[in-house]
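**Student:** One structure, pasted below without further comment.
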Amino acid sequence: TPLAQIRNFSIIAHIDHGKSTLADRLIQTTGALSDREMTNQVLDNMELERERGITIKAQTVRLSYRAKDGLTYVLNLMDTPGHVDFAYEVSRSLAACEGSLLVVDASQGVEAQTLANVYQAIDANHEIVPVLNKIDLPAADVPKVKQQIEDVIGLDTSDAVEISAKTGLNIEGVLEALVTRLPPPTGDADAPLKALLVDSWYDPYLGVIILVRVKDGRLRRGQKIRMMAQGSVHTVEQVGVFAPKLTPVDDLGPGEMGYITAAIKTVADCNVGDTLTEDRHPASEPLPGFKPSVPVVWCGLYPVDADDFEKLRDSLGKLRLNDASFHYEAETSAALGFGFRCGFLGLLHLEIIQERLSREFDLDLIATAPSVVYRLHKTNGEMMELHNPADMPDGSVIDRIEEPWIKATILVPDDYLGSVLTLCSERRGQQVDLTYVGNRAMAVYRLPLNEVVFDFYDRLKSVSRGYASFDYTMDGYADGDLVRISILVNHEPVDALSFIAHRAAADNRGRAICAKLKDLIPRQLFKIAIQAAIGGRVIARETIGALSKDVTAKCYGGDISRKRKLLEKQKEGKKRMRQFGRVEIPQSAFLAALKMD
Ligand code: GDP
Ligand code: MG
């Protein structure tokens, strides 16, 4: 295909504004899949994505469209995730495209992630076509939303495309806008190969698959390629496109997007953002890569069954291949044994990885309390980064502790503004700005990240009845009056439950955890003391009374098989228990105790 007939584009939008529905409609309209093959939201192909209705991995698909000018165009679409945790994936997809469709729900208007995504697209020098979706809804207010886009983003909306992705209204208008308004890619087919490694993942049949965007030269089967940053050399085995099924082709030229396989075994060989070049005729300089992603939330993941440690290591390796933003390293815990310290882009990201480990890899895991990365300045002048509250040294060697802050942008209808401001100030927020976008307030706050990681997003949704939208960027470190709270069960510290909090919140949080554990730890044959302490000082205490009866007593000794079943069940439950001194704590107690109200 000549370059002039290629368009590479992303769809960007706030969550639920209809990206995936529009992508489906584009696939269907251009006939890439038959009606029978068409399932809803083709691009959201991970089971988890479908269930949660969110897009986690950026996906790509190649469409063929015969435009009104009589020419047939190749349209490479990259779907992007909309959730705040996945901004990194968005930036990767944008780097592989020349333009974006900015989808805005005409009944909702501009939201926090609309802004965040559109700024990223502007940074990537994209041509942006505004698309107003859901105009079939009675609540749609096209003129008002156009005005918002002009006022807040500064984009001209006179040519905005008005559609309903759901009913299929004016999808043709979107396709024509892509062809006439987005620039074609540029590149030189005769120059040395330069292809951007956009993404990679593990496929059980084909092994490691790499998603590439060719800038210059040609990528062919049998070619020896070199990863410029990483340095390794591989022979290309298969070259193909996503149509949307993987479909082998002979080669990929400038401007094209597709995949390769090259018998790559190790995760370390595929750094997202790396440049592929030909080993014998290498390019002189790599393409500009991506900023490496920085995990902001860490927690420990431990197998419930210690025998699963190697399986966990293997599974984390495979997940990491699918998700360059996820980090892990081995660690040990006195309470939990051998496991991994894992870094995530946010809490949703953490939840998703945990769920994928249990679903796709059939692993039972215990997760410790999520923690942000603190900077500890010791009295001897050394600085250490603390990923795990259990590693915090003795208070006497610590001079001061810095914690990460974020800058949050919250859009919320006026009616709920009061509750949102209250929530922000409860979380030690500092107001930076408060303006209006139509009848909605846009509040900009600085907040300590550790006040946000637990449940801020859920609370925000609940105090605004789901109407608030939220986005954030990291905003440096600042000193905080922070203390480590240890949780002791029968006077033994449970390292996995210790956490760091602001001094003013310590008593309340300590009390809440003790009260929760009291309900969560089953009674045993002896009394159990549960305490929260800062250093040697106990700040909260609860006692669980002793259990008197044998659990099998209620079987009256008569029905042996029933009794055996009960004991079996108990044994099964035991596998999910952790021993602390003489006390067994069920895994569910950890998870529940670690979730704050
Ligand atoms: P995404 O999060 O941006 O990918 O949004 P989805 O494509 O998953 O759509 C979110 C919800 O909006 C789904 O329930 C869709 O069925 C619905 N939706 C998408 N487009 C339209 C539309 O044009 N009209 C109406 N009424 N609903 C739509
Ligand atoms: Mg989606």
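First residue of the sequence shown: 1, per this note's numbering; consecutive thereafter.
In this text, a Cβ means the ideal position worked out from N, Cα and C, and glycines have one as well.
#1: Compute the minimum distance between the beta carbon of I137 and the heavy atoms of ligand 1, and state whether it is under 6 Å.
#2: Any heavy atom of ligand 1 within a distance shorter than 6 Å of the CB on T21?
#3: Take every Cβ of the segment 8 to 19, pair it with every Cβ of the segment 141 to 161, and state whether three or more of those distances are shorter than 8 Å.
#4: Specify the secondary structure class of K194 as computed by DSSP and reduced to three states.
#5: Is it the case that the Cβ atoms of G510 and A529 are separated by a distance below 7 Å?
#6: Counting only runs of 3+ residues fully inside the segment 388 to 468, write out the beta strand (DSSP E) ranges in chain order.
#7: Using the C-alpha atoms, what's the distance from L345 back to L357?
#8: Measuring CB atoms only, is the segment 416 to 428 touching the segment 336 to 355, in the sense that at least three cross pairs come out at less than 8 Å?
#9: Where do the N-terminal and C-terminal ends of the alpha helix (DSSP H) with M120 fall, by residue?
#10: Following a CB-centred definition, is I479 positioned closer than 6 Å to any heavy atom of ligand 1?
#11: Would you mind working out which of Q108, L321, V304, A140 sits nearest I618, comparing C-alpha positions?
#12: State yes or no: is the C-beta of H17 nearer than 6 Å to some heavy atom of ligand 1?
#13: Between R218, G381, K318, which has its C-alpha nearest D203's C-alpha?
#14: Can you tell me whether S284 is buried or exposed, with buried defined as 16 or more other CB within 10 angstroms of its CB?
#15: Specify the secondary structure class of A58 as computed by DSSP and reduced to three states.
#16: Give a single yes or no on whether A112 has its beta carbon closer than 6 Å to a heavy atom of ligand 1.
#17: Since I believe S107 is in contact with L155 (beta carbons under 8 Å), could you give me their beta-carbon distance rounded to a whole number of angstroms?
#18: Give me the residue from V208, D399, T60 with the minimum Cα distance to D479.
#19: Do A165 and N117 have their C-beta atoms within less than 7 Å of each other?
#20: DSSP on N8, reduced to helix/strand/coil?
#21: For L197, I'd like the list of residues in its chain whose CB is within less than 8 Å of its CB, leaving aside the five on either flank, ordered along the chain.
#22: Whether or not the segment 480 to 497 and the segment 381 to 401 are in contact is what I'm after, with contact meaning three or more pairs of Cβ atoms, one per stretch, closer than 8 Å; do they touch?
#23: Rounded to a whole number of angstroms, what is the C-alpha to C-alpha distance between D458 and L348?
#24: Using only CA atoms, which one of D250, A195, L246, A229 lies nearest to R221?
#25: Quick check: is any heavy atom of ligand 1 less than 6 Å from the C-beta of N117?
#26: For P2, which residues from the same chain have a beta carbon less than 7 Å from its beta carbon, with the 5 sequence-adjacent residues on both sides left out?
#27: Using only the heavy atoms of ligand 1, determine whether one of them is closer than 6 Å to the beta carbon of S164.
#28: What residue range does the alpha helix (DSSP H) around C342 cover?
#29: Between the alpha carbons of R181 and E127, how many angstroms are there, rounded?
#30: Please report the distance separating the alpha-carbon of G545 from that of I521.
#31: Just confirm the distance between the C-beta atoms of R484 and M392, as a whole number of angstroms; I'd bet it's less than 8 Å.
#32: Report buried or exposed for M474, applying the criterion of at least 16 other Cβ atoms within 10 angstroms of its Cβ.
#33: Rounded to whole angstroms, how far is the Cβ of D495 from the Cβ of A390, which I believe are closer than 8 Å?
**Tutor:** Put simply:
#1: The sequence shown places Leu at residue 137, not Ile. Result yes, Cβ under 6 Å from ligand 1.
#2: yes
#3: no
#4: strand
#5: no
#6: 398 to 413, 430 to 437, 440 to 448
#7: 17 Å
#8: no
#9: In the sequence under discussion, the amino acid at residue 120 is Gln, which differs from the Met named in the question. Where Q120 is concerned, the enclosing alpha helix (DSSP H) stretches over 112 to 123.
#10: It is worth fixing the name first, because residue 479 is Asp in this sequence and not Ile. No, the Cβ of D479 stays beyond 6 Å of every heavy atom of ligand 1.
#11: This structure does not reach residue 618, given that the chain is present from 1 up to 597, and the question cannot be answered.
#12: yes
#13: K318
#14: exposed
#15: In this predicted model, A58 has a pLDDT of only 46, less than 50, meaning its place in the structure is not dependable; the value taken from the coordinates is given anyway. In this structure, A58 counts as coil in the three-state DSSP scheme.
#16: no
#17: In fact, because the Cβ distance is near 19 Å, the residues do not count as touching under 8 Å.
#18: D399
#19: no
#20: strand
#21: I210, L211, V212, M227, C270, N271, V272, G273, D274, T275, L276
#22: yes
#23: 11 Å
#24: D250
#25: no
#26: none
#27: yes
#28: From DSSP, C342 is part of no alpha helix (DSSP H) but of the beta strand (DSSP E) over 337 to 344.
#29: 8 Å
#30: 11 Å
#31: 5 Å
#32: exposed
#33: 4 Å
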